[in-house]
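Working notes for the structure below.
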Amino acid sequence: KWYQRWLENRDFVANPESSKPSFSIVMPPPNITGVLTLGHVLNNTIQDILARRARMQGFEVLWLPGMDHAGIGTQTAVEKHLRRTENKTRHDLGREEFLRRVLEWQDKHGGIIIEQLKRLGCSCDWSRQRYTLDDAYAAAVQKVFIDLYNKGLIYCGRRMINWDPAAQTALSDEEVISKPQKGYLYFVRYEIVEEPGRFLEVATTRPETIMADTAMAFHPSDKRYLDLLGKRAWRPLAREKIPIIADEAIDPEFGTGVLKVTPAHDALDFEIGYRHDLPIIDVLTSDGRINCPTVPELHGLDRFEARKKAAELLEVTGLLAKAEPYENNIGFSDRSDAPIEPRISEQWFLRYPKTKEALAVVRDRLIRFFPAHWEKVYAQWLENIHDWCISRQVWWGHRIPAWYRKEKSETRNSKSEIYVGIKPPSDPENWVQDEDTVDTWFSSWLWAYETMGPQTRKKFYPTSVLVTAADIIFFWVARMIIAGLEFKPGKSSRIEDNIPFRHVFFTSIVRDRQGRKMSKSLGNSPDPLELIDKYGADGLRFGLMRIAPTGQDIRFDERQIEEGRNFATKLWNVARFRQMHGPGDAEAKINAQALSIFAVEVLARLNETIDAIESAYREYHFNLVAQRLYDFVWRDYCDWFVEAAKTDIFSEDEAKKKSALAVMDLVLSATLRMLHPFMPHLTEEIWSLLGLGKGSIQFAAPPEKVALDAVADVSESRRFVSANYETVQTARNLRSASKLPSNKKIRFILRTSNKSISEQIPTLSRLLNAEEVTLDPKYEAPAGTPVAVTPLGEIFLAIAAADQARERERLGKEIAKVEAEARTVEAKLQNDAFVQRAPSAVVEEHRRRLNDLNEQLAKLKQARDGLS
RNA sequence: GCGCGGUUAGCUCAGUGGUAGAGCACUACCUUGACACGGUAGCGGUCAGAGGUUCGAACCCUCUAUCGCGCACCA
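Residues 74 to 941, numbered by our numbering, are exactly what the first sequence covers, in order.
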């Protein structure tokens, strides 16, 4: 219900004319037909935390959301649907009709994720929501294409590319994932033409491409084969004479040291073929079947079927020497997971501009990476960068703005006349437009600034920080940097105005408990919407952030989301407790003189927490921020302060009561504001419930540290508080060790001459659930009375019939423990080197500790001896 | 082959030179006036291994093992 109100108040809408300093984030656009995953939850929660925190700090905040058309992904999904429902391919429908169907699909399934992000509580400026296929955006993509073409950086050429036979398109190098694959290494015998009966043996993993061999090659220094140079060999399938050549690229150590050169189907072979001017024979179809009518046994077979069949054919003719099991790396399509086929094809390529500059802006920290070690990965990529194959044989996307003069052929042909421009040529009947679209990333790399109008850009570009998973560092992050440097509109001469972002925070990747990547097919990906239903959006957000380490993957465990929910409940309950004692005070002022020692303690800890989360934020350590807040709220505030303060809260003394409630309000108010970026809904609810501020908590300033200067002896008070708390813990342990139920009211006697303790007796009794705690400086305990040594003195349990034997045993254990520690400390102090070289404060600390331990020991022994 | 990151309690993880931590799980007690999605207490670690630096190492250095990731190779 709060979310709706925030939207109505236009709280998330950025004003480019604001005089406030700006803070901006562009959302990595999810796929239009995507649904929310835990990765999205993590990523967008982080962005929301940053945006909300900045809003509280008084920045004018723009968090710009949007979606990506996801060319191959969306097209594949629609094609699959078509095949299932109508048993048709996109070619059956034709381009126009197919695109109409995609739009239909988009209307039906698109944009779901936006609604899901709203359920998470994301404070995006929805009025600026963008899509990579918006008209203006599409025009910008075209313009960039044309500009780069005119600069000679984009060119059309016949090259070796990565072909995805399943998706039927070319891919960039980055979209190929190499995985080890089990197969065989076939040793095939090629007969020497000039020396019948002599064979050249070659090791290959791909016998099905033998028909495309156009040479045999060995290393020029390889003596084994030197005499064959210039001779020819019989190609065993599609029998033909092929030359035997020498080339430096061959590794004499591999297999037999001989390579069959297949320029059409291997990148290395292509280069060798180019050097030796070899013919290129392509024996594969675009969907990965054999196209070689001269070998009818193989023609039409799938490439993997053909591999087995080719081996069989060689076997029967005696040309297969052997086949060894072999494991090598094969490229797979990132999209379809089909094995990639290296293929020569006419495609569009981009020679990256500004690579040196892109390297420099990160090296010189104009753009900072968090964690910084990704800088190395980024640099490695840029230093070995290759031209980017940007054309995709896909219909869904930004069509390439290139036309070819109609001649003999109507397909793309780099040798024919090319026209590149926004509008079709003036005599369209003589031209045919390129069928292809550009790589989706060729549109997303403009995302940082093409999503903004000139005015917005003026205020909010460069963006403050980019939040993304590291797996798209090359696809997106690096390319956006290049794009910003090369063609941000209204480019400035100052490089720091052109970079797309100042910080990049790389999030973890969410894995399952076994460490596997989340995936639909594994079914190990929980539905975030169900998690929200179960644990609340705030519980999910907080739970996830608390376990999200920086620079490492997350092992997701639903129990940790449960903890997030539990924490939310805890916070809610303590707020309810506060509410029971009247309305909160927005201007809660504390009176330094009236503060209880416990209040001083909790305020001091609040100050420490404020400092700690401030420095954790600086390094984007969200898990530390969450953990600190969790500990502070639960331990320091609820368990200790509130419990101790109940003495004052329930007391008849109005002044004490008021002071305690004021401290409660002050701490709650500060805590809520610190938690708001993580748990926006709950904190807003409590904020308004207790009336802790005038407006929405969203624009409340972050808490400042409480000035404790007016409090006399802060450190003295704090030492006394921890002595009290330690005494409580020791006494509770004594009760538990004596097997007394925790609800049984019992009497404690504290033997001490320290008078200032008497004031804390009611609180000690409360925390110990004691019937009473009496002070007696000269208490003589009956033999067998359970006793423990505390910083405040010896505490005794008043119970009727003590079991002497058990008590002796307990004391014995206690003594052994203390003795052991005392020995360790003493040994250290007897080490001259330590005493001389360690900082004096550390040595002092050890001395004090040893004193305490010895004192404790003496008292414990005395107690034991009293047992007779 | 090159590079990066990890290895701490049964599980998930904090902890960058000075007495090993949290939550969950487990055990015992407890529905005591916010909270059983809770409270109290407890059990549980030669910090992957070996060497080194240091008065002192989970932490710094070297090597090894092991897991994961990226790049290159991949006939």
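All residues carry an ideal CB built from backbone N, CA and C; glycine is no exception.
Would you check if the distance between the CB atom of residue i and the CB atom of residue j is smaller than 8 Å?
i, j, result
"residue 902", "residue 937", "no"
"residue 574", "residue 535", "yes"
"residue 800", "residue 702", "no"
"residue 963", "residue 598", "Missing from the structure shown is residue 963; the chain here goes from 74 to 941 and no further."
"residue 112", "residue 583", "yes"
"residue 416", "residue 145", "no"
"residue 637", "residue 619", "yes"
"residue 95", "residue 578", "no"
"residue 129", "residue 775", "yes"
"residue 663", "residue 790", "no"
"residue 250", "residue 405", "yes"
"residue 794", "residue 674", "yes"
"residue 346", "residue 331", "no"
"residue 102", "residue 520", "yes"
"residue 118", "residue 923", "no"
"residue 178", "residue 85", "no"
"residue 27", "residue 351", "Nothing can be reported for residue 27: it is not among the residues displayed for the chain, which extend from 74 to 941."
Using three-state DSSP, classify residue i as helix, strand or coil.
i, result
"residue 760", "helix"
"residue 469", "coil"
"residue 418", "strand"
"residue 747", "helix"
"residue 679", "helix"
"residue 213", "helix"
"residue 22", "In the structure as shown, the chain starts at 74 and stops at 941, and residue 22 therefore has no counterpart that could be examined."
"residue 124", "helix"
"residue 412", "strand"
"residue 389", "helix"
"residue 146", "helix"
"residue 518", "coil"
"residue 496", "coil"
"residue 527", "helix"
"residue 222", "helix"
"residue 428", "helix"
"residue 534", "coil"
Which residues does DSSP pair with residue i in a beta bridge?
i, result
"residue 237", "242"
"residue 711", "DSSP output for residue 711 lists no bridge partner at all."
"residue 819", "843"
"residue 461", "423"
"residue 539", "577"
"residue 616", "According to DSSP, residue 616 bridges with nothing at all."
"residue 406", "249"
Within a Cβ cutoff of 7 Å, which residues of the same chain sit near residue i, ignoring the five residues on either side of it in sequence?
i, result
"residue 514", "548, 549 and 552"
"residue 685", "701"
"residue 315", "286, 287, 288, 289, 305, 306 and 308"
"residue 341", "322"
"residue 641", "609, 611, 612, 615, 752 and 755"
"residue 221", "227 and 423"
"residue 764", "656, 657 and 659"
Under a Cβ-count criterion, where at least 16 other Cβ atoms within 10 Å of its own Cβ denotes burial, should residue i be classed as buried or exposed?
i, result
"residue 676", "buried"
"residue 306", "buried"
"residue 1017", "No answer is possible for residue 1017: it lies beyond the span of the chain, which begins at 74 and ends at 941."
"residue 736", "buried"
"residue 651", "buried"
"residue 630", "exposed"
"residue 410", "exposed"
"residue 749", "buried"
"residue 126", "buried"
"residue 654", "exposed"
"residue 561", "buried"
If you drop the 5 nearest sequence neighbours on each side, which residues of the same chain put their C-beta closer than 6 Å to that of residue i?
i, result
"residue 888", "933"
"residue 254", "403"
"residue 796", "864 and 865"
"residue 302", "319"
"residue 203", "139 and 524"
Going along the chain, which residues of its own chain have a beta-carbon closer than 8 Å to the beta-carbon of residue i, five neighbours each way excluded?
i, result
"residue 872", "811, 813, 819, 858 and 859"
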